[in-house]
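Protein chains in written order, with this note's numbering: chain U, 1 to 256; chain S, 1001 to 1492.
For each residue, glycine too, the CB sits at the ideal point set by N, CA and C.
None of these values were measured; they are calculated from a predicted model.
Worksheet for the structure shown next.
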Amino acid sequence: MSTAREAILGAIRASLAASRAHDRTAATVDHAPAASASPATPARAPLPVLGGATSAWAAASTTVPGDLAARFAAQLEAAGGHCTRVTPEAAAAAVAALLERAGARHVAVSSSPLAARLAAPRAARWTLVHAAEATRDALFACDAGVSAAQWGIAATGTIVLDAAVERSRLVSLVPPLHIALLHTRDLRPTLADVLALVAPAGGAPSHAVTLVTGPSRTSDIELTLAIGVHGPVELHVVLIDDDDPPHTPHDTLHPG
Amino acid sequence: MSREPSPGMTASATPAEFDRRAREALGDAQLHGALHRATTLFAERRRNAMASVGDWESARERARAIKDETLLHLDRYLEQFAAAAERAGAVVHWARDAREACAIIGGIARARGARTVVKSKSMATEEIHLNAALAAGGLEPVETDLGEYIIQLAGETPSHIVVPAIHKTRGQIAALLAAKLGIAVGDDVASLTAAARTTLRQRFAAADLGISGVNFGVAETGTILILENEGNARLTITLPRTHIALMGIEKVIPRVADLDVFLQLLPRSGTGQALTTYQSLITGRRPASADGPDELHIVLLDNGRSAMLARAVTRQALACIRCGACLNACPVYQQIGGHAYGSVYPGPIGAVITPQLAGLHEAAALPYASSLCGACRDACPVKIDIPALLLHLRGSVVERRAAGPRRGERLAFRLYRAAMARPALYLLAARLMRAAQRLLGARADGALAARLVPPLGAWTAWRDLRPVARRSFRDEWSHGLGDAGRGGSETK
């Protein structure tokens, strides 16, 4: 067993024990503002002791007004991204139009079958670079990346990429244009809703879950906003309207 | 300088050194302009962002309660975190101090024959002076956050937790890129950013090791969360074969669901965003079929944190989520900027953390770098009572004589105590002062015209000396003030 581990845990226990002894006797003689601002150290309780989403704050933040898709699109635009709402039949044409407008020659696609199908080359204007087979250099040379997104958060215009579902980590990050395909049935009102989906009932999320809200940005030079510093300059979400009733998709989310 | 600065420090923060740097900063007009713009803008964005949360105050209460609960059982939450991370395939290391953390990270790099190391922004790596340690071992760490990259090229240290190069102008940055990289680039922000992107892409392509910090570690799942806007952290933790994450032991929170409230608070308090552009939740190692690094190492860093648990008043500083809101709110930071503090963590939170990490003697001036106005406490998203902590640390500075012997101050307070405890002595002292101020003369506003001589002159250099009332309350009372409602007390 690591000696540093035992030393750190031992130091923590010693400090907490000292604090319990001190807080019991010294609340009145030590600095009163601090004593009132932080609770005195209680006896040790079983874990976890905090309740779930029962606070006043949680209750106040769980409602998102209006239509989820409209809200999602508005928030995404506010974050500097773009959103196009299409029917399933029109999705391929929408993706092609975006790629043509960008003058894309090499298009990276994730391992999502939907992405490969919707980004299929038209009139040989571009070639597909498949994430699962491509070298890093080939990905770096791509003009655009197309992936699906597993969830969307209406309150913030956020898309959620789960690396266990498809190889999308680099496709969504390295090329200057990222086109993400999202079904309206996968929209959820809030971040809390999505956290409950990626880590259901205390289960662990997959190895990499990425939340993306708008294009890459920085304000590091004179606080002036610059778009596309390391990640995509442009994020475009193609929101596919489906008439299917909302269901729990992603039976593939946690295989096994 | 005779030796390397201590962990958590970038320079000495003894009273004399702090005083010298603060005066320098006060005379720097360009720095003033930059600080004014930044702190005003961030405060405004923060206020707007707060308005979009249903109940900001409840969110603060909730976040603080989660932090308090975790810190009071930190040993158990850390064990739970480490076990869960290991189950998911991460390798967990424990580092008692900065030296041990640097040795662990350097060891991993050497064992893998790494040469180029890319780093995303991490205050903890600044705290342990990781770059200097890696460079001493023949490695080349490259900061990839735009602001940190600029600072690294300039050979400086960050001056703000969120915007490290806040003190630099476009023109200075263009000159820096020309001098260090030999590239001619216009001084508009878009060109500068594009030049940095191009240069850093080559470094990313060549990197064999990626080092990041951690914003939150989730005990129940072993997940680490990394927030950013640029995408450099995603590249850092995706491209190289090995990812090392340095995490202060106070970063652990119990559950994934708890991330919700912290993600409502942190971006809004830091940059005024509802969410930063990217949140990466990383849990252990990738399966063979997925993309990402082959291995994940998490280095848990104590470096003085466990000792801060020993009192409720000091423990609260461990609740800090490093948003920087207290810097922007602080009238002292607004005037002197980050470098004057001489500490890795500047501003109000730095003034309370640094003396506890680096030692009181190293940072004796910092608890005094505040007017105790309380703006930091009001801005803090986890309600840390920074003024109470500053007072506590001032007490410790005096008790341990950390700011030197201060014989004059001690003598003055001893006399004050003697006078306040003995009525006869008190009356005599008041009579002497009345006699003395008749000789000194008063200005029109009632303040005494005179200035005190050193060392007491330090008080009157910035303040008026107020006169003692000509007739004391005690005199008024003995002359019948208590009998009737006759006339207000005469103080002129």
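| Asked | Found |
| --- | --- |
| Chain U contact residues for Ile1249 (chain S), given Cβ-Cβ distances below 9 angstroms | Ile8, Ile12 |
| Beta-carbon proximity check, Arg1170 (chain S) vs Asp1145 (chain S), cutoff 7 angstroms | no |
| Member of S:Pro1015, S:Ser1006, S:Thr1039 whose CA lies at the smallest distance from the CA of Cys1326 (chain S) | S:Thr1039 |
| Under 7 angstroms between C-beta atoms of Ala1365 (chain S) and Ala1013 (chain S) | yes |
| Cβ-heavy atom distance, Leu1428 (chain S) to the ligand ZN, below 6 angstroms | No copy of the ligand ZN occurs in the structure displayed, which carries no ligand at all. |
| Chain S residues whose Cβ lies nearer than 8 angstroms to that of Leu330 (chain U) | In this structure chain U extends from 1 to 256, so residue 330 (chain U) is not present and cannot be described. |
| Rounded C-alpha distance that separates Ser1006 (chain S) from Ala1135 (chain S) | 17 angstroms |
| Interface flag, Arg1417 (chain S) vs chain U, CB-CB below 7 angstroms | no |
| Alpha-carbon spacing of Thr1276 (chain S) relative to Ala163 (chain U), whole angstroms | 20 angstroms |
| Three-state secondary structure assigned by DSSP to Arg13 (chain U) | helix |
| Chain-order list of residues whose beta-carbon lies under 7 angstroms from that of Ile1150 (chain S) (same chain, five-residue window excluded) | Ala1165, Lys1168, Ile1173, Leu1176 |
| Three or more C-beta pairs below 8 angstroms linking the segment 1233 to 1249 of chain S and the segment 1261 to 1268 of chain S | no |
| Short CB-CB distance (under 7 angstroms) between Pro205 (chain U) and chain S | yes |
| Contained alpha helix (DSSP H) runs [length at least 4] in the segment 1147 to 1208 of chain S, N- to C-terminal order | 1170 to 1181, 1189 to 1206 |
| Neighbour list for Ile1173 (chain S) in chain U, Cβ cutoff strictly below 8 angstroms | Ile221 |
| For Asp242 (chain U), the nearest candidate out of U:Thr224, U:His236, U:Arg185, U:Pro232 (CA to CA) | U:Arg185 |
| Closest residue to Val1332 (chain S) among S:Leu1372, S:Ser1058, S:Gly1155, S:Ile1224 (Cα-Cα distance) | S:Leu1372 |
| Range covered by the beta strand (DSSP E) that runs through Gly1248 (chain S) | 1242 to 1248 |
| Paired residues, beta bridge with Phe1216 (chain S) - DSSP | S:Leu1225 |
| Between the CA atoms of Gln1335 (chain S) and His1032 (chain S) - distance to the nearest angstrom | 7 angstroms |
| DSSP-derived helix/strand/coil call for Asp1068 (chain S) | helix |
| Which of helix, strand or coil DSSP assigns to Tyr1278 (chain S) | strand |
| Stretch pair the segment 1015 to 1032 of chain S + the segment 120 to 130 of chain U: three plus CB contacts closer than 8 angstroms | no |
| N-terminal and C-terminal residue of the alpha helix (DSSP H) that Trp151 (chain U) is part of | Careful: Trp151 (chain U) lies outside any alpha helix (DSSP H), inside the beta strand (DSSP E) at 151 to 153. |
| Cβ contact check for the segment 1247 to 1261 of chain S and the segment 187 to 200 of chain U: 3 or more pairs under 8 angstroms | yes |
| Unbroken beta strand (DSSP E) run spanning Ala1310 (chain S), endpoints | No beta strand (DSSP E) contains Ala1310 (chain S), which DSSP labels as neither H nor E. |
| Within chain S, the residues that Thr184 (chain U) reaches when beta carbons sit closer than 8 angstroms | Residues of chain S passing the Cβ test: none, with the nearest at roughly 21 angstroms. |
| Cross-strand partners of Ala1140 (chain S) (DSSP beta bridge) | Note on identity: in this sequence residue 1140 (chain S) is Glu, with Ala being the wrong assignment. Answer is S:Thr1116. |
| Pair within 7 angstroms by beta-carbon distance, Leu1281 (chain S) and Thr1236 (chain S) | no |
| is_contact[His106 (chain U), chain S] using C-beta, thresh 7 angstroms | no |
| Own chain residues within Cβ distance below 6 angstroms of Leu1071 (chain S), not counting five before or after | Arg1315, Leu1318 |
| Chain S contact residues for Thr158 (chain U), given Cβ-Cβ distances below 7 angstroms | Leu1275 |
| Burial state of Asn1131 (chain S) (16 or more Cβ within 10 Å) | buried |
| Contact check, Leu177 (chain U) vs Ala102 (chain U), beta carbons under 7 angstroms | yes |
| Beta carbon of Tyr1221 (chain S) nearer than 7 angstroms to that of Ala226 (chain U) | Contrary to the premise, residue 1221 (chain S) reads as Thr rather than Tyr in this sequence. In this structure, Ala226 (chain U) does not lie closer than 7 angstroms to Thr1221 (chain S) by Cβ. |
| DSSP-derived helix/strand/coil call for Gly968 (chain S) | Chain S is shown from 1001 up to 1492; residue 968 (chain S) falls before or after that span and cannot be answered. |
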